[in-house]
Structures are given as C-alpha cells and as structure tokens.
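Below is one structure, written out as structure tokens; the observations come after it.
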Amino acid sequence: MTTTTTQHPAIAFLGIGLMGAPMTRNLLDAGFPMVLWNRTASKCQPFADEATVAATPAAAVAKADIVITMLENGDVVDQVLEGQGVFDALKPGALVIDMSSVQPSLARRHAEWAQAAGAGYIDAPVSGGTVGAAEARLSIMAGGSEADIERAGPVFAALGKCTRIGPVGAGQLAKLANQAIVGITIGAVSEALLLAAKGGADPAAVRQALMGGFASSRILELHGQRMIDRDFAPGAPARIQLKDLRMILDEARAEGLTLPLAQQVHQGYLSLVADGHSDVDHSGLLLALEHLNGARLGTAHSKES
Numbered sequence: 032m033t034t035t036t037t038q039h040p041a042i043a044f045l046g047i048g049l050m051g052a053p054m055t056r057n058l059l060d061a062g063f064p065m066v067l068w069n070r071t072a073s074k075c076q077p078f079a080d081e082a083t084v085a086a087t088p089a090a091a092v093a094k095a096d097i098v099i100t101m102l103e104n105g106d107v108v109d110q111v112l113e114g115q116g117v118f119d120a121l122k123p124g125a126l127v128i129d130m131s132s133v134q135p136s137l138a139r140r141h142a143e144w145a146q147a148a149g150a151g152y153i154d155a156p157v158s159g160g161t162v163g164a165a166e167a168r169l170s171i172m173a174g175g176s177e178a179d180i181e182r183a184g185p186v187f188a189a190l191g192k193c194t195r196i197g198p199v200g201a202g203q204l205a206k207l208a209n210q211a212i213v214g215i216t217i218g219a220v221s222e223a224l225l226l227a228a229k230g231g232a233d234p235a236a237v238r239q240a241l242m243g244g245f246a247s248s249r250i251l252e253l254h255g256q257r258m259i260d261r262d263f264a265p266g267a268p269a270r271i272q273l274k275d276l277r278m279i280l281d282e283a284r285a286e287g288l289t290l291p292l293a294q295q296v297h298q299g300y301l302s303l304v305a306d307g308h309s310d311v312d313h314s315g316l317l318l319a320l321e322h323l324n325g326a327r328l329g330t331a332h333s334k335e336s
C-alpha cells in the first residue's frame with residue numbers, strides 16, 4: 032500500500048521579533064521547513080536546531096517557495112525587500128507575504144516589484160497581538176488575488192484565521208481600520224477608568240460591571256486589566272500604535288477625510304512617546320492621560336491626585 036505525503040512549501044521568515052518569534056514557532060510545529068533572518072541574529076537562535084539561520088535576507092529567500100516578512104514598519108520592509116536585494120533573489124514563482132503593517136500604497140508598489148520578479152504578493156497584516164500569535168489565533172487580513180491567497184491557505188491556517196479583504200492594499204486598509212478602533216477604544220477605556228477611580232469607585236469593580244454590559248470589549252477585558260494592574264510590558268509597543276495612527280491620518284488625508292477621534296488619540300500617543308514611554312504596551316496610553324490630569328488610576332475608593 033502506497034502512502035502519499037504532502038510536501039510543505041519552504042518558508043523564509045524575515046523578522047523574528049515579538050510577533051515573528053511565536054509565528055515561527057507555530058509554523059515549525061506545523062511542519063514547514065524554514066529559513067530565518069533577523070537584523071539581530073541572536074533572536075533566531077532559539078530556533079537554530081529546527082530551522083536554518085541565514086546571514087542576509089537575500090540568502091534567506093533564495094530557495095524559498097513562500098517569503099514572509101514581519102517587520103516593524105514600512106521603511107524597514109522597503110529597505111529589506113528592495114534595499115537588501117530580496118526581490119532580486121526570489122526564485123521564479125515564489126510568493127511574498129508581507130504580514131507587517133505598512134502603507135497601502137507601499138503594499139501596491141511591492142506587489143508591482145514582486146510581479147516584475149515573477150513572484151506573487153499578498154499584503155496580510157494581522158491583529159491579535161503577541162497572545163494571538165502564540166496561540167495561533169491571529170486575525171489575518173489579506174489583500175491579493177484569490178489564487179495567491181488560496182495558495183497561502185495552509186500557512187495562514189497555522190497562524191490563525193484569514194479573511195480575504197480584496198485586491199492588494201486592501202489588507203492594509205483593514206488593518207488601519209482595526210488600529211483606529213483599537214487606539215480610540217484604549218483611549219476610551221483609559222478615560223472611563225480614570226474618571227470612575229477619581230470619583231471614588233473601585234476601577235476593578237467598574238471594569239467587571241462594564242464587562243457584562245454594552246460597553247464590553249476585548250480591550251476593556253485585557254487592556255482594562257493591564258491598566259488596573261499597571262502591567263505595561265509590551266505586547267504591542269506604543270511606538271507601533273503611534274506609527275499606525277500616523278498611517279491612518281495620512282490615508283485619511285489622501286482620501287480627503289477628517290477623522291477627529293483618530294487625531295485626538297494620535298496626539299495622546301505622541302505625548303506618551305515624547306515622555307519616554309515608546310516601549311510600553313499601547314495600553315500605557317493611560318500614563319499620558321494621568322500625566323495630563325495630574326492624577327493616577329488608584330485602587331478601590333482612592334482619591335489620588
């Protein structure tokens with residue numbers, strides 16, 4: 032009796048950071064052969080017994096069927112893909128999947144470069160943070176052809192749930208929408224809990240009560256608790272949220288839109304980062320609000336000022 036096995040495509044993964052490391056773990060566990068690259072090479076070492084570590088991005092992608100980038104911002108993605116020769120090193124028929132959060136216009140330009148190199152391209156930013164990455168339940172927002180996204184299906188299945196949003200660039204537009212809701216809601220939760228605590232209510236009890244009502248949200252659940260615990264270790268650093276809000280406002284400006292809530296929250300994150308908190312979790316927006324008011328989110332019935 033003959034047993035047929037399915038060959039997993041070889042993956043080059045560029046960017047082994049807060050998100051890239053748990054994503055790499057899940058892809059390795061799913062059986063994908065992998066070549067890894069990171070600017071700080073030591074971040075690849077936990078996987079060195081299971082994957083090949085490349086010295087350069089171009090070397091990493093040379094034999095890859097699928098290239099995944101998970102890098103900090105559009106400038107870095109551009110520098111790696113174009114400046115460090117990734118597009119030139121792609122093998123014909125490869126598929127580039129950018130899972131970073133970049134400008135929609137940049138995604139479209141990279142798709143043109145990939146096409147010129149004989150490769151496919153998907154922009155596939157994610158939501159879910161480091162917890163979602165570790166638990167393989169990321170929400171993946173994909174822009175690209177139906178055929179390319181279908182081809183990437185087994186890869187996405189190892190990381191979370193993929194939704195095709197539309198053509199190239201649409202995934203990044205969905206991510207901007209996601210980050211607008213996230214940033215604005217973090218601001219709302221910060222203000223609500225500080226208001227309640229300053230008036231003498233127990234913010235933990237307020238959060239618990241609100242979780243059972245119409246104001247319930249994932250951000251109130253997770254980041255509300257972070258604010259109460261003052262646990263601002265970065266899952267998604269504030270500097271990244273600020274970068275995303277800048278992209279939201281840039282895209283809005285290009286489309287002739289005014290987004291007052293996004294503008295206000297952008298100002299809050301700008302203040303947070305200017306005060307030296309660029310690497311706190313984005314739930315640390317509370318710190319900027321506390322600084323503005325000269326008040327601190329205290330414990331039950333505190334009246335701190």
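So the number in our numbering is just where the residue sits in the sequence shown, counting from 1, plus 31. Each residue gets a CB set at the ideal place from its N, CA and C atoms; glycine is no exception.
- Within its own chain, the residues whose Cβ lies closer than 8 Å to the Cβ of Gln295, once the five positions on either side in sequence are excluded, are Gly218, listed in chain order.
- Boundaries for Ala236: no beta strand (DSSP E) harbours it, while the alpha helix (DSSP H) harbouring it runs 234 to 241, taken from the DSSP string.
- Excluding five sequence positions before and after Arg139, the CB atoms of its chain that fall closer than 8 Å to its own CB belong to Val199, Gly200, given in chain order.
- Excluding five sequence positions before and after Ala41, the CB atoms of its chain that fall closer than 8 Å to its own CB belong to Phe63, Pro64, Met65, Val66, Lys94, Ala95, Asp96, Ile97, given in chain order.
- Pairing Ala148 with Leu169 gives a Cβ-Cβ distance that is not under 9 Å.
- DSSP places Thr55 inside the alpha helix (DSSP H), whose first and last residues are 51 to 60.
- About 5 Å separates the CB atoms of Asn57 and Ala167; that is less than 8 Å, so the two are in contact.
- Beta-carbon to beta-carbon, Gln203 and Ser158 are separated by about 12 Å, too far to satisfy the 8 Å threshold.
- One alpha carbon belongs to Val237, the other to Arg257, and they sit about 14 Å apart.
- Contact check for Gln210 and Leu318: beta-carbon distance about 19 Å, past the 8 Å limit, so the pair fails to qualify.
- Distance check between Thr100 and each of Arg249, Ala142, Leu45 places Leu45 closest, using alpha-carbon atoms only.
- By DSSP's assignment, Asp129 forms a beta bridge with Thr100, Asp154.
- Rounded to whole angstroms, the gap between the alpha carbons of Ala85 and Ala228 is 51 Å.
- By the Cβ criterion, the stretch 286 to 302 is not in contact with the stretch 185 to 197, since fewer than three pairs of Cβ atoms, one from each stretch, lie closer than 8 Å.
- A Cβ-Cβ separation of about 7 Å places Asp129 in contact with Ala155 under the 8 Å criterion.
- Taking C-alpha positions only, Pro185 is separated from Ala208 by approximately 26 Å.
- Non-local C-beta neighbours of Asp119 in its own chain, meaning closer than 8 Å and more than five positions away in sequence, comprise Ala89, Ala148, ordered along the chain.
- Arg140: member of the alpha helix (DSSP H) spanning 135 to 147, first to last residue.
- The DSSP-derived three-state label of Ala326 is coil.
- Thr289 has no beta-bridge partner at all, per DSSP.
- When DSSP assignments are scanned along the stretch 62 to 119, the uninterrupted stretches of alpha helix (DSSP H) that are 4 or more residues long and fall wholly within it turn out to be 88 to 92, 105 to 109.
- The beta-bridge partner set that DSSP reports for Thr194 consists of Met172.
- Contact check for His254 and Val220: beta-carbon distance about 6 Å, within the 8 Å limit, so the pair qualifies.
- Measuring C-alpha to C-alpha distances from Glu81 to each of Ala61, Thr87, Thr71, Leu288 identifies Ala61 as the nearest.
- In this structure, Leu49 keeps its C-beta atom at 9 Å or more from the C-beta atom of Pro234.
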